[in-house]
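This report concerns only the one structure given below.
Residue numbers (our numbering): 1 to 135.
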């Protein structure tokens with residue numbers, strides 16, 4: 001078997017996975033692209049194992065470890081994506097840049113403790129203004 005055929009196929013799979021990671025906005029499609037890149041690595045490991053005729057079959061053993069790691073990664077990744085989708089209503093990666101409250105700044109949520117603050121006094125809050133008004 002020529003080594004060039006699986007190596008070229010693995011390179012094409014890996015490049016397709018990189019394109020998917022860089023171009024996609026949906027988190028599930030990004031996870032699928034990462035899996036595609038891991039499968040390209042697995043193909044290279046098995047191809048070089050066959051080509052080198054290793055008696056211990058180290059390439060195939062490493063492939064089993066990679067498959068196990070990929071399964072754990074996709075399980076945790078899907079759990080995180082489902083929780084984010086349940087809390088925010090979207091799995092768009094561009095909208096998930098910060099781990100803040102989905103209500104956002106300026107709405108008085110827990111992520112914005114200074115909501116209602118006076119623009120002239122950066123340290124003043126609504127509670128301070130109420131205390132000054134009653135004094």
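Virtual Cβ for every residue (Gly too), placed ideally from N, Cα, C.
- In chain order, 36, 37, 39, 40 and 43 place their CB closer than 8 Å to the CB of residue 13, counting only its own chain and leaving out the 5 sequence neighbours on each side.
- Residue 29 and residue 78 do not touch by the CB rule: their CB atoms are close to 12 Å apart, not below 8 Å.
- Between residue 84 and residue 17, the alpha-carbon positions lie close to 23 Å from each other.
- Per DSSP, reduced to three states, the secondary structure at residue 94 is helical.
- In the DSSP annotation of this structure, the continuous segment of the alpha helix (DSSP H) that includes residue 49 starts and ends at 27-52.
- Of all alpha-carbon atoms in 60, 34 and 86, the one lying nearest the alpha-carbon of residue 71 is that of 34.
- Here the alpha carbon of residue 57 sits roughly 6 Å from the alpha carbon of residue 49.
- If you look at residue 82, you'll find it in the alpha helix (DSSP H) that goes 58-88.
- For the pair residue 61 and residue 3, the CB atoms are not nearer than the 9 Å cut-off.
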